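Notes follow once the structure below has been shown.
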Amino acid sequence: GAVVSQHPSWVICKSGTSVKIECRSLDFQATTMFWYRQFPKQSLMLMATSNEGSKATYEQGVEKDKFLINHASLTLSTLTVTSAHPEDSSFYICSARPDGGTFYGYTFGSGTRLTVV
Amino acid sequence: QKEVEQNSGPLSVPEGAIASLNCTYSDRGSQSFFWYRQYSGKSPELIMSIYSNGDKEDGRFTAQLNKASQYVSLLIRDSQPSDSATYLCAVNMFGTGNQFYFGTGTSLTVIP
């Protein structure tokens, strides 16, 4: 089945530093991947759509200069949280599905718990 | 505005009972529908998908779709304490390409 690997699973960083999160599709190619953020006891909030070879599409209210997305290959998308602040502490999750058709469910990565101190 | 709505709960059922989770969506052109389960602190996992009107059964899970009523539900038979989680409804809406729209989730607790 489709497997999505996300790394790291958790990270603690100091305020003002940057953190990179990787999302890999292990056994399939994914032209499109999605990045979500989830605060405690809240639902998934779509941050951006990552497109291989082109610029990411950001949801309203998400700062593109703060959350840098790079989708350099058909199996890898990265999210970099730049100049992180405590309010960026959250659970970040990526998702992807095999290219071709709309009748596949998305597979989620295991998520990255970011804590900014 | 494209919306997916779920009752946030919490929904509590005794062990062995049937849990019924409901979801409505706003876009009549929606094509595919999915149920995800999310345990606390974990990422969502896909448990059911349905594309055509009617019922689809997989083990203890049954998904029901009624496109005329814009309604999709998930039934969990013989509920177990391990089923306690948040259940997310996701809809792939017509014209949105690959994008999924998620409901806010229903929290289910199965009481031993």
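Protein sequences, first through last, are from chains A and B.
Numbers 1 to 117, taken from my numbering, label the letters of the first sequence in order.
Numbers 1001 to 1112, taken from my numbering, label the letters of the second sequence in order.
C-beta atoms are modelled at their ideal positions from N, C-alpha and C, and glycine is treated no differently.
Remember, predicted model here, so these are calculated numbers, not experimental data.
Would you mind sorting residue i into buried or exposed? The rule is 16 or more other CB atoms within 10 Å of its CB.
{"i": "ASN1116 (chain B)", "result": "One cannot answer for residue 1116 (chain B) here, as it falls past the ends of chain B, which runs 1001 to 1112."}
{"i": "THR1141 (chain B)", "result": "The requested residue 1141 (chain B) does not occur in the structure, where chain B is confined to residues 1001 to 1112."}
{"i": "HIS71 (chain A)", "result": "buried"}
{"i": "GLN42 (chain A)", "result": "exposed"}
{"i": "ALA96 (chain A)", "result": "buried"}
{"i": "LEU26 (chain A)", "result": "exposed"}
{"i": "ASP1078 (chain B)", "result": "exposed"}
{"i": "ASN1092 (chain B)", "result": "buried"}
{"i": "THR115 (chain A)", "result": "exposed"}
{"i": "SER1083 (chain B)", "result": "Per the sequence presented here, residue 1083 (chain B) reads as Asp, with Ser not at that position. So ASP1083 (chain B) counts as buried."}
{"i": "GLN30 (chain A)", "result": "In the sequence on display, residue 30 (chain A) carries Ala and not Gln. With 16 or more other Cβ atoms within 10 Å, it is buried."}
{"i": "ASP1058 (chain B)", "result": "exposed"}
{"i": "ALA1019 (chain B)", "result": "buried"}
{"i": "GLN1080 (chain B)", "result": "exposed"}
{"i": "GLN1006 (chain B)", "result": "buried"}
{"i": "GLY111 (chain A)", "result": "buried"}
Could you check which residue in the options has the C-alpha nearest to that of residue i?
{"i": "ARG1060 (chain B)", "options": "B:ALA1017, B:SER1030, B:LYS1067, B:GLY1029", "result": "B:ALA1017"}
{"i": "VAL11 (chain A)", "options": "A:SER90, A:TRP35, A:VAL3", "result": "A:SER90"}
{"i": "PHE1033 (chain B)", "options": "B:PHE1102, B:GLU1015, B:ALA1085, B:LEU1011", "result": "B:PHE1102"}
{"i": "SER1049 (chain B)", "options": "B:ASN1007, B:VAL1110, B:LEU1108, B:LEU1088", "result": "B:LEU1088"}
{"i": "ALA1090 (chain B)", "options": "B:SER1008, B:CYS1023, B:SER1012", "result": "B:CYS1023"}
{"i": "VAL86 (chain A)", "options": "A:GLN6, A:THR17, A:VAL3, A:SER5", "result": "The question names Val, yet the displayed sequence has Pro at residue 86 (chain A). The shortest C-alpha separation from PRO86 (chain A) is found at A:THR17."}
{"i": "GLN1031 (chain B)", "options": "B:LEU1021, B:GLN1070, B:ILE1076, B:PRO1112", "result": "B:GLN1070"}
{"i": "THR32 (chain A)", "options": "A:GLU59, A:GLU63, A:GLY100", "result": "A:GLY100"}
{"i": "ARG24 (chain A)", "options": "A:GLU59, A:THR57, A:THR75, A:LYS64", "result": "A:THR75"}
{"i": "ALA84 (chain A)", "options": "A:ILE21, A:VAL4, A:GLN6, A:SER5", "result": "A:ILE21"}
{"i": "ALA48 (chain A)", "options": "A:THR112, A:ILE93, A:PRO98, A:CYS13", "result": "A:ILE93"}
{"i": "ASP88 (chain A)", "options": "A:PRO98, A:SER5, A:ALA56, A:GLU63", "result": "A:GLU63"}
{"i": "TYR1025 (chain B)", "options": "B:PRO1112, B:LEU1065, B:ASP1055, B:SER1040", "result": "B:LEU1065"}
{"i": "ILE1076 (chain B)", "options": "B:VAL1004, B:TYR1051, B:TRP1035", "result": "B:TRP1035"}
{"i": "GLY61 (chain A)", "options": "A:CYS13, A:ARG113, A:MET45", "result": "A:MET45"}
{"i": "TYR1160 (chain B)", "options": "B:SER1040, B:GLU1045, B:GLY1041, B:ALA1063", "result": "The structure shown does not extend to residue 1160 (chain B), since chain B spans only 1001 to 1112, so no value can be given for it."}
Output the boundary residues of the beta strand (DSSP E) element that contains residue i.
{"i": "ASP1055 (chain B)", "result": "1054 to 1058"}
{"i": "ARG113 (chain A)", "result": "112 to 116"}
{"i": "THR49 (chain A)", "result": "45 to 51"}
{"i": "GLN29 (chain A)", "result": "Looking at the DSSP string, GLN29 (chain A) is not in any beta strand (DSSP E), and its letter there is neither H nor E."}
{"i": "ILE1050 (chain B)", "result": "1045 to 1050"}
{"i": "ASN1022 (chain B)", "result": "1019 to 1025"}
{"i": "PRO1014 (chain B)", "result": "1011 to 1014"}
{"i": "ARG1037 (chain B)", "result": "1032 to 1038"}
{"i": "ASN1066 (chain B)", "result": "1061 to 1066"}
{"i": "ASN1092 (chain B)", "result": "1085 to 1092"}
{"i": "GLU1005 (chain B)", "result": "1004 to 1006"}
{"i": "GLN6 (chain A)", "result": "4 to 7"}
{"i": "SER1073 (chain B)", "result": "1071 to 1076"}
{"i": "SER1107 (chain B)", "result": "1106 to 1111"}
{"i": "PHE1102 (chain B)", "result": "1100 to 1102"}
Which whole-angstrom value describes the C-beta separation of residue i and residue j, a residue pair presumed to lie in contact below a C-beta threshold of 8 Å?
{"i": "SER1043 (chain B)", "j": "PHE108 (chain A)", "result": "4 Å"}
{"i": "ALA1085 (chain B)", "j": "ARG1037 (chain B)", "result": "5 Å"}
{"i": "PRO1010 (chain B)", "j": "THR1109 (chain B)", "result": "6 Å"}
{"i": "SER120 (chain A)", "j": "VAL117 (chain A)", "result": "As shown, chain A starts at 1 and ends at 117. That puts residue 120 (chain A) outside it, with no answer to give."}
{"i": "THR82 (chain A)", "j": "LYS66 (chain A)", "result": "6 Å"}
{"i": "THR69 (chain A)", "j": "SER54 (chain A)", "result": "The sequence given here places Ile at residue 69 (chain A); Thr does not occur at that position. Wrong, their Cβ atoms sit about 11 Å apart, outside the cutoff."}
{"i": "PHE34 (chain A)", "j": "ALA2 (chain A)", "result": "Not a contact, Cβ separation roughly 14 Å."}
{"i": "TYR106 (chain A)", "j": "PHE1100 (chain B)", "result": "6 Å"}
Suppose only complete runs of 4+ residues qualify. What are the alpha helix (DSSP H) ranges in the stretch 60 to 107 of chain A, listed by chain order? Listed in chain order, there is nothing to give.
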